[in-house]
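Undergrad: Questions regarding the structure given below will be posed in turn.
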Amino acid sequence: MSPTAPTLTDALGRPLRDLRISVTDRCNLRCTYCMPGEIFGPDYAFLPREELLSFEEIERLARLFVVLGVQKLRLTGGEPLLRRGLPELVARLSRLEGVQDIAMTTNGLLLPRLAEGLKAAGLHRVTVSLDALDPEVFGQMNGLGVHPDKVLAGIEAALTAGLGVKINTVVQRGVNDGALAELWTALRGKAVVRFIEFMDVGNHNGWNMSQVVPSSEVVAQLSAAGEALRPVAAHYPGEVAARYVDAQGHEAGVISSVSAPFCGDCSRARLSAVGQLYTCLFAASGFDLRGPLRSGESDDELLARVRGLWSVRRDRYSEERGELSARHQKVEMSHIGG
Ligand code: SAM
Ligand code: SF4
Ligand code: SF4
Numbered sequence: 028m029s030p031t032a033p034t035l036t037d038a039l040g041r042p043l044r045d046l047r048i049s050v051t052d053r054c055n056l057r058c059t060y061c062m063p064g065e066i067f068g069p070d071y072a073f074l075p076r077e078e079l080l081s082f083e084e085i086e087r088l089a090r091l092f093v094v095l096g097v098q099k100l101r102l103t104g105g106e107p108l109l110r111r112g113l114p115e116l117v118a119r120l121s122r123l124e125g126v127q128d129i130a131m132t133t134n135g136l137l138l139p140r141l142a143e144g145l146k147a148a149g150l151h152r153v154t155v156s157l158d159a160l161d162p163e164v165f166g167q168m169n170g171l172g173v174h175p176d177k178v179l180a181g182i183e184a185a186l187t188a189g190l191g192v193k194i195n196t197v198v199q200r201g202v203n204d205g206a207l208a209e210l211w212t213a214l215r216g217k218a219v220v221r222f223i224e225f226m227d228v229g230n231h232n233g234w235n236m237s238q239v240v241p242s243s244e245v246v247a248q249l250s251a252a253g254e255a256l257r258p259v260a261a262h263y264p265g266e267v268a269a270r271y272v273d274a275q276g277h278e279a280g281v282i283s284s285v286s287a288p289f290c291g292d293c294s295r296a297r298l299s300a301v302g303q304l305y306t307c308l309f310a311a312s313g314f315d316l317r318g319p320l321r322s323g324e325s326d327d328e329l330l331a332r333v334r335g336l337w338s339v340r341r342d343r344y345s346e347e348r349g350e351l352s353a354r355h356q357k358v359e360m361s362h363i364g365g
């Protein structure tokens, strides 16, 4: 974008700054809050390979989004590390001029094999999801009995490779909220842990407000287990996690998607593995970009399409949650990756 081009903003004045790219709808876990095994079982029809955007197609769309103001790219899934040849995609994206940050959200299981190659290809950071250190609790939450040591090995591999590492912990009342301080104490020397309020994503996770532990309670729990945490300023305006530090400067973050929504600053667009553009994590449907792409639309035509979609965007689901019907259909998390 030329320095004089006006910033693209949506109908509520929010710029387009981040693009989350889902590279697969498949996953090697079945977290109960995301892809419960009863629904995503052996008979579940995952997308056939030819439906997925190719690396060339993802690269082209990412380049166009950068023209429109995107500065940060995040790869996600399903589980992004299951997509074959992922370092090649990272290398393509890292060559795009104007991209300031390339990150990935992953369950970490395949990082011991892939971290080094991804770093060499240009990946900057990973956010690794880990909900509990207790093998029974974690095994139950991931739906397959996978041991937390497997994720810890992935975190170590990422740190050794020189990747920036954060940890995401989804908090569910009565499930893993009894041992949050232990998790933080064990990991705070290695990485920032960010505690996320359990959200009503998708249509199958049985979400109920009573299972949400408000962030204020999480901060109180962490403080009660050691010295009091104090809040620190955001790194940049619109940062989704509120940051806290202990006396040694170890940082914990809380993402209050339910108790204190941050739609007012939401600058994120999401591209599904089949090239649907979603302007909100809770959208009922996306806008097809793969069709126009494959039918030969020019860069200018695609740019006009995305500009048109973003400029009328009014999504603010989390702020409206209480007013919306419980029957509101939403895209599955495994399609757009959080
Ligand atoms: N498979 C990768 C992973 O687990 O990190 C990437 C995709 S996953 C859908 C992205 C993030 O969304 C993870 O950190 C996961 O914990 C989070 N997530 C999934 N379902 C959620 C829910 N119902 N509420 C809050 N966070 C959720
Ligand atoms: Fe897979 Fe990530 Fe969803 Fe868990 S949260 S089921 S690891 S996509
Ligand atoms: Fe953004 Fe939608 Fe989440 Fe609000 S609910 S922060 S608009 S993704």
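Each residue of the sequence shown is one higher than the last, beginning at 28 in our numbering. Even for Gly, the Cβ is constructed at its ideal location relative to N, Cα and C. Just so we're clear, the structure is a prediction, and the values are computed from it rather than from any experiment.
1) So for serine 156, helix, strand or coil by DSSP?
2) Give every residue of the same chain whose Cβ lies closer than 8 Å to the Cβ of arginine 334, excluding the five residues on either side of it in the sequence, and list them in chain order.
3) Can you determine whether any heavy atom of ligand 2 sits closer than 8 Å to the C-beta of arginine 340, and answer yes or no?
4) Could you spell out where the beta strand (DSSP E) holding serine 99 opens and where it closes?
5) Can you tell me the Cα-Cα spacing of glutamate 86 and glycine 313, whole angstroms?
6) Quick one: is the Cβ of phenylalanine 225 within less than 8 Å of any heavy atom of ligand 1?
7) Just the C-alpha distance for alanine 331 and arginine 343, rounded to the nearest angstrom, thanks.
8) Which residues does DSSP pair with phenylalanine 314 in a beta bridge?
9) With distances taken between CB atoms, is the gap from leucine 145 to leucine 298 smaller than 9 Å?
10) Give the secondary structure of glutamine 248 by DSSP, where H, G and I count as helix, E and B as strand, and everything else as coil.
11) Would the C-beta of tyrosine 344 count as close to ligand 3, meaning under 8 Å from any of its heavy atoms?
12) In whole angstroms, what is the alpha-carbon distance linking aspartate 128 and asparagine 230?
13) In whole angstroms, what is the alpha-carbon distance linking histidine 262 and glycine 105?
14) Consider the C-beta atom of leucine 308 and the heavy atoms of ligand 3; say whether any pair is separated by less than 8 Å.
15) Leaving out the 5 sequence neighbours to the left and right, which residues in its chain are closer than 6 Å to valine 339 when beta-carbon positions are compared?
16) Quick check on this structure: which residue in Asn55, Ser49, Thr59 and Asp52 has the alpha carbon closest to the alpha carbon of aspartate 227?
17) Taking 8 Å as the cut-off, is the C-beta of aspartate 204 nearer than that to any heavy atom in ligand 1?
18) By the DSSP assignment, the alpha helix (DSSP H) with valine 240 in it spans what residues?
19) By DSSP, does threonine 31 sit in helix, in strand, or in coil?
20) By how many angstroms is the C-alpha of proline 264 removed from the C-alpha of methionine 28?
21) Can you tell me which of Arg152, Gln248, Cys54 and Glu209 puts its alpha carbon nearest to the alpha carbon of lysine 99?
22) Which term fits threonine 187, buried or exposed, when burial requires 16 or more other beta carbons within 10 angstroms of its beta carbon?
23) At the level of alpha carbons, what is the spacing between leucine 214 and valine 240?
24) So the beta strand (DSSP E) valine 197 belongs to, where does it begin and stop?
TA: On the basis of the data shown:
1) strand
2) Leu35 and Leu95
3) no
4) The residue asked about is misnamed: residue 99 is lysine in this sequence, not serine. Membership of lysine 99 in the beta strand (DSSP E) is indicated by the continuous run 99-103.
5) 19 Å
6) yes
7) 23 Å
8) Answer is Leu304.
9) no
10) helix
11) yes
12) 31 Å
13) 28 Å
14) yes
15) Ala38
16) Residue Thr59 is the option with its Cα nearest to aspartate 227.
17) no
18) Taken as a continuous stretch (DSSP letters only), valine 240 belongs to no alpha helix (DSSP H), as it is neither H nor E.
19) Interpretation of threonine 31 is limited by its pLDDT of 48, a score under 50 that renders its predicted location unreliable; no figure is taken from the coordinates.
20) Reliability fails at methionine 28, whose pLDDT of 48 lies under 50, so the model's placement of it is uncertain and the value that follows must be treated cautiously. Near 22 Å, if we compare the C-alpha coordinates of proline 264 and methionine 28.
21) Arg152
22) exposed
23) 21 Å
24) 191-198
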